[in-house]
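Read through the structure below, which is laid out as structure tokens, and then see the notes.
4 protein chains.
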Amino acid sequence: MSHNSFGHLFRVTTWGESHGPALGCVIDGCPPGIALSAEDIQSDLDRRKPGTNRFVTQRREADEVRILSGVFEDDRTGGQVTTGAPISLMIENTDQRSKDYAKIRDSWRPGHADYTYDIKYGVRDYRGGGRSSARETAARVAAGAVAKKILGESILIRCALIQIGPHNINRANWDWGQTRLNPFFAPDASIVPVWEDYLDHIRKDGTSTGAVLEVVASGVPAGLGAPIYAKLDSDIAAALMSINAVKGVEIGAGFGAALLHGETNSDEMRCSNDGQPYFTSNNNGGILGGISTGQDIVARFAIKPTSSILKEVKSLNRNLEEISVVTTGRHDPCVGIRAAPVGEAMMACVLADHVLRHRGQMGG
Amino acid sequence: MSHNSFGHLFRVTTWGESHGPALGCVIDGCPPGIALSAEDIQSDLDRRKPGTNRFVTQRREADEVRILSGVFEDDRTGGQVTTGAPISLMIENTDQRSKDYAKIRDSWRPGHADYTYDIKYGVRDYRGGGRSSARETAARVAAGAVAKKILGESILIRCALIQIGPHNINRANWDWGQTRLNPFFAPDASIVPVWEDYLDHIRKDGTSTGAVLEVVASGVPAGLGAPIYAKLDSDIAAALMSINAVKGVEIGAGFGAALLHGETNSDEMRCSNDGQPYFTSNNNGGILGGISTGQDIVARFAIKPTSSILKEVKSLNRNLEEISVVTTGRHDPCVGIRAAPVGEAMMACVLADHVLRHRGQMGG
Amino acid sequence: MSHNSFGHLFRVTTWGESHGPALGCVIDGCPPGIALSAEDIQSDLDRRKPGTNRFVTQRREADEVRILSGVFEDDRTGGQVTTGAPISLMIENTDQRSKDYAKIRDSWRPGHADYTYDIKYGVRDYRGGGRSSARETAARVAAGAVAKKILGESILIRCALIQIGPHNINRANWDWGQTRLNPFFAPDASIVPVWEDYLDHIRKDGTSTGAVLEVVASGVPAGLGAPIYAKLDSDIAAALMSINAVKGVEIGAGFGAALLHGETNSDEMRCSNDGQPYFTSNNNGGILGGISTGQDIVARFAIKPTSSILKEVKSLNRNLEEISVVTTGRHDPCVGIRAAPVGEAMMACVLADHVLRHRGQMGG
Amino acid sequence: MSHNSFGHLFRVTTWGESHGPALGCVIDGCPPGIALSAEDIQSDLDRRKPGTNRFVTQRREADEVRILSGVFEDDRTGGQVTTGAPISLMIENTDQRSKDYAKIRDSWRPGHADYTYDIKYGVRDYRGGGRSSARETAARVAAGAVAKKILGESILIRCALIQIGPHNINRANWDWGQTRLNPFFAPDASIVPVWEDYLDHIRKDGTSTGAVLEVVASGVPAGLGAPIYAKLDSDIAAALMSINAVKGVEIGAGFGAALLHGETNSDEMRCSNDGQPYFTSNNNGGILGGISTGQDIVARFAIKPTSSILKEVKSLNRNLEEISVVTTGRHDPCVGIRAAPVGEAMMACVLADHVLRHRGQMGG
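Note that the protein sequences, when read in sequence, are chains G, D, F and L.
Mapping to the working numbering: the first sequence position 350 is 342, numbers consecutive.
Mapping to the working numbering: the second sequence position 361 is 353, numbers consecutive.
Mapping to the working numbering: the third sequence position 285 is 277, numbers consecutive.
Mapping to the working numbering: the fourth sequence position 92 is 84, numbers consecutive.
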């Protein structure tokens, strides 16, 4: 049992505060012989890096990852491979500006974990949210990059932003290629100007907005997962809900399934000419009875609006005195914009864990 | 790690197939000295019992629970209390009618776990869904009854059905007392005739419908939960998503949070005249940074329409031949109707686990 | 985390008190498709059954095991196989004679867990030791029988009694076949009359004696286990030390290794004519760096003398009054005599777990 | 489940290879508000540091520990305290001399983990033993220093070396103060010249010798531990057996208990004049039924002779060719000399975990 670990056979333990000397993770259970370099991890980290467009926080950090253990030269290829030993990854915090946060030392900012950490622990690293900072997700993305290496190239995990505030994408325009071409990870090019306008408006108002993301894993073989409490969807729900600011998770038709009838919701099966079973729809999001069907695994998660805003909100301080909170620091008007790599990483970690668990019970 | 266990310090392991000789659970970690009798558990089981109204399956079972271990007479009170040893609970299966299921032996019924179990395990107890049957939730409800004993009377967990198909309750009419007065666990008396009509219609059509439930825990002290991967909301999401047929989970404002602005979503704090901090709203569903705020914990979960329907659906059998599936056995047109006690039980298990985890890290 | 579970991928949870209605275990993680009948388990249980010779307790119980879940007919062979679902095993307690124990209700018998259970839990099922009874080992033996099925016929686990009181076997006479021919599981036929005389003497004196057992696993492939905290020897030590009355565990040369020099202790390697590496000795007991070498895995464990004896010993009762304790019930003069099947079972459980863990990390 | 983690509520995950850039650990579950500075940890690390006397390896490293997370200034005291967040500790490797090891790249040194790592993982960081190096114990000692902080000053954990080769201490001379005054952690001053002579002789012979250590925890309250698979002695056995080169563990009378009779072995209880129960002996080593009695907890562990010796031993290389192995690098003739701080650390980690587990189940 562990507060800061995730997964079982592919087990990730993260550590670090937003403004401490460093943050990182230890990955235990990675099979040996997998080619892994810092660059493999860095490219995923760079995708979530702050400061890359005008809609995300201007905190600039190299977010440079170091592999401290668990890899060694492969005497056959000369390249660096995993050894089966725990992989320790570290990212130093270089741009900390801790003085910005002194004024929130005794404040319980609305929507933040300030009050609950104080009540629970009595002591709190208030600088930048400390352990509760979204900065912890850098460690997740690093771990996810290793997870993807285990999954290999046949499994592809992608995440798209599909809603900002009231503005949804048009699913008819879905093009994964677009998610790499705009700063929003939007799969629909036509939504980009709409969102730009909306976010400019939000920011001018000194407020923030929520978002919904969709993460899809393709190429997942049928048979991953297990009944009851190791259900793939249960683990995906836990993984996505553990991301900062996430308030909802759904699989396949999700909440919309409440509106469906049995014969519509039940994905029928057919057999292709070359003898392969397939499904005529995917309302179950690629999971039946907690086990993958071989279809795309489809999950969505909702992110609440950033709690740190320029607009004044009221709250209390540790002396139970009423205070006004106005956050002037660097903050995203919509944290969902940077959440796509995190959603991918969590899906990758869940799947890598289940690939290993499947091998454990089933062999092969 | 365990496929069939849930929780850490309050750890529940369930076992049993729908049509095997029995099903049950082992509860490890229950503190000693808690009064516990079979009747305490039975009353919760009776609330989910099949055959209690015309909208649920007519399978009639006593669902009588036996406590096989972990309790003993208290020499002070003479009553039966927990001893700290594992509590083994067993419910015998008495009305099995296995012959009803012989015809589905080789079929992959759409929306069921038949295909995925076959692909994964190669062998499957097909009778009544075997391990994937909703009957497994009886063991959850039994465990939840023990969890409630740990939580004590100051924490109250209730679950209501708030949507069937397209028909939502009117939240202005919310009255918890109503949930005990109608067969739907509806908190709004005015929705009952609407749902009755709708379900009659659904059943006449030989189909089924989905539903949404809301589970609320009141009296939970601030400080339960922990950051990152032991977040209360992450564990609630895993727990609810592990229930059969659940496809979505949300906390507080949930998916609706995507539409809110920062200042609306952020629950402000004030101080009461007698010096108690309180919140002016509860969009975060009683959880901030994964830790309880002391407000009601509010979660919702969506249940897909029953996959077993009278209407013909197409699928494949194990020989990859196309088949028609018509389910004539005993089945609920909306499994959500019986899910309220299960939702309560899972919430109770999560909270009991976190009460013990909190003690473990923090003492007290 | 669980007080009453053992193993990770092959995970056994035991429950039950000595004089409750039943005891049993739930095995989670057993791969599907393994032929398993109650008879397979019963034959191991019968080997530890009380009342089979004059040196063990005369409590007579059928110890009949029932499989309540996790198996189903294999449609290819018609036989019963595991399904991958949890296997629930139950043994009813039929000969309980609880009244024998009423007098120890408030006593803290020396060498027993009475005092520590009372101090910890405040309530205690005193009948026959309750949860602390050696009767719990029946559940271990049942689980071990399933573990052996996973290991298959190429891995052979055997346990021998090698010392009772001061009387050691002569290792030159070691013959595994003998362990099935005498009531002591002795591998040396010449020690049998010595032990019989000694135990008659011990029993006449109203006292008891300790013992040492050796458990050997043959046919274990090289590569099982893992560094640091999943070392095979670390898990074997935990498993054997968890058996009632065990006070010491050693691997290979064990405590004797302290007397050796580096060149003697280090098992050298050679290559056979057919190109197979082998070791010229086995001081390391088949494990190097926590990982199996392919040699026999050799462990020994020491069992303290039975604490329940006819001789009067002094102690306290719950009122802190001095008392005399004389145990007139049914008790073994040397519990080591019945420990061999338990030692085998624990070794089997550890190895089955590591076989699955190895698959999990390494595939294959 | 984790190969490189130890403990449940006080959970330590270690990482790092002997000649990688660094090694360290992450401690999850430490309660908040405990004063902790790098100096607190450093003092324990310095006690195991190589190069401090002529009988241990001359590798000289600062072994300087950095706390990377989990501590923050306490606004009441101004001092640094734990926050409840994971504590990440790192020790950089500064004196690596990796070239010394190039020649063993393809060799399977007898008594080392070379063969088993190669067989299992196919790739191996051979430099200094990589992950299998005793250098990993530095991370354990660091974690143990944090564990001691949780246990507080009322629980005192000490470890003594009691046997080198055939030379035992005289227990009548036991004086814990001596363990700090000689380089052997010997509690008997009179054995020191004997061991010095013996080790000089051993070293001149180019060989090595084994040892036995005893670790004692005083001030442990009655009631820690739990039945069956969370027994305190089972966890101590696992912890000590996980230390490199340990081949045996015993509790209290240990293997000697096999020689005792029931009435001798059973520690009787009496009541002191001031109403405190006490025991007249401690053959059970402070543990009954897996739960602490309040007496000293006494465990011993045996360490095999160092496998790296100057004397030539035969083995194979990866091509299955016979080789001669002579180890000329820096090595201890008896690794037991440096094992006392490691034994203390493991005992501290087990007890800290059980203190938290006890709180978890029992409150308080």
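Yeah, the Cβ is synthetic: ideal placement off N, Cα and C, and Gly gets one too.
This structure is a prediction, so every number in the text was calculated from the model and none was measured.
Query, Result
"Coil, strand or helix - D/Arg172 by DSSP", "helix"
"Identity of the residue in G/Arg97, G/Gly62 and G/Arg101 nearest G/Met82 by Cα", "G/Gly62"
"Residues near D/Ala231 by beta carbon distance below 6 Å, same chain, minus five either side", "Met338 and Val342"
"Segment contact flag, the segment 246 to 263 of chain L with the segment 291 to 303 of chain F, C-beta cutoff 8 Å, min 3 pairs", "yes"
"Chain D residues whose Cβ lies nearer than 8 Å to that of L/Ala77", "Pro219"
"Within chain G, partners of L/Gly21 - CB distance below 9 Å", "Met(-7), Ser(-6), His(-5) and Asn(-4)"
"Contact set between G/Arg123 and chain D, taken where Cβ atoms lie within less than 8 Å", "Pro219 and Ile220"
"Residue nearest to D/Gly277 in terms of C-alpha spacing, selected from D/Arg292, D/Asn265, D/Gly267 and D/Gln268", "D/Arg292"
"Local Cβ density within 10 Å of D/Ser182, reported as buried at 16 or more and exposed below that", "exposed"
"Residue-chain proximity (D/Gly64, chain F), Cβ-Cβ < 7 Å", "The question names Gly, yet the displayed sequence has Phe at residue 64 of chain D. Answer yes: the Cβ-Cβ gap between D/Phe64 and chain F drops below 7 Å somewhere."
"Contact under 7 Å by Cβ, F/Glu9 with F/Arg116", "no"
"G/Val290 (DSSP reduced to helix, strand or coil)", "strand"
"For F/Ile283: DSSP bridge partner residues", "F/Gly217 and F/Leu280"
"Residues of the segment 250 to 277 of chain L whose Cβ lies closer than 9 Å to any Cβ of chain F, in chain order", "Ala250, Leu251, Leu252, His253, Gly254, Glu255, Thr256, Asn257, Ser258, Asp259, Glu260, Met261, Arg262, Cys263, Gly267, Gln268, Pro269, Phe271, Thr272, Asn275, Asn276 and Gly277"
"C-alpha distance - L/Pro333 paired with L/Thr171, whole-angstrom precision", "11 Å"
"Enclosing beta strand (DSSP E) for L/Asn309 [first to last residue]", "Val305 to Asn309"
"Contact residues within the segment -2 to 17 of chain G, judged by C-beta distance below 9 Å to chain L", "His0, Leu1, Arg3, Thr5, Thr6, Trp7, Gly8, Glu9, Gly12, Pro13, Ala14, Leu15, Gly16 and Cys17"
"Neighbouring residues, chain G, relative to L/Tyr107 (Cβ below 9 Å)", "Residues of chain G passing the Cβ test: none, with the nearest at roughly 15 Å."
"Beta-carbon proximity check, G/Ile26 vs G/Thr74, cutoff 7 Å", "yes"
"Contact set between the segment 126 to 158 of chain D and chain G, restricted to residues whose Cβ is under 7 Å from the partner", "Glu128, Gln155, Gly157 and Pro158"
"Any C-beta of chain F under 7 Å from that of G/Arg351", "yes"
"For G/Phe247, the three-state DSSP class (helix, strand or coil)", "helix"
"Residue environment, G/Asp225, which counts as buried when at least 16 other CB atoms sit within 10 Å", "buried"
"Bounding residues of the beta strand (DSSP E) (the contiguous stretch that carries G/Val4)", "Arg3 to Gly8"
"Cβ distance (whole Å) where G/Asn174 is taken to contact G/Val184 below 8 Å", "5 Å"
"Cβ-based burial, L/Gln268 [other Cβ within 10 Å; buried from 16]", "exposed"
"Inter-stretch contact at 8 Å, needing at least 3 Cβ pairs: the segment 139 to 158 of chain D / the segment 197 to 211 of chain D", "yes"
"Every unbroken beta strand (DSSP E) within the segment 96 to 157 of chain L, with a cutoff of 3 residues, ordered by chain", "148 to 156"
"Closer than 7 Å to chain G by CB, L/Val57", "no"
"Per DSSP, cross-strand counterpart(s) of F/Gly328", "DSSP, once it has assigned bridges, lists no residue as partnering F/Gly328."
"Contact the segment 24 to 39 of chain D vs the segment 141 to 149 of chain D: 3+ CB pairs below 8 Å", "yes"
"Assigned secondary structure, L/Gly43 (DSSP; H/G/I helix, E/B strand, else coil)", "Because L/Gly43 sits at a pLDDT of 49, beneath the cut-off of 50, its placement in the model cannot be relied upon, and the following sentence gives the value as read from the coordinates. Here L/Gly43 sits in coil by DSSP."
"Contact set between L/Pro297 and chain G, taken where Cβ atoms lie within less than 7 Å", "Those within 7 Å of L/Pro297 in chain G number zero; the least Cβ separation is about 26 Å."
"With 16 other Cβ atoms within 10 Å as the buried cut-off, status of G/Arg163", "exposed"
"Beta strand (DSSP E) segment containing L/Ser80, residue limits", "Ile79 to Glu84"
"DSSP state of F/Ala178 mapped onto helix, strand, coil", "coil"
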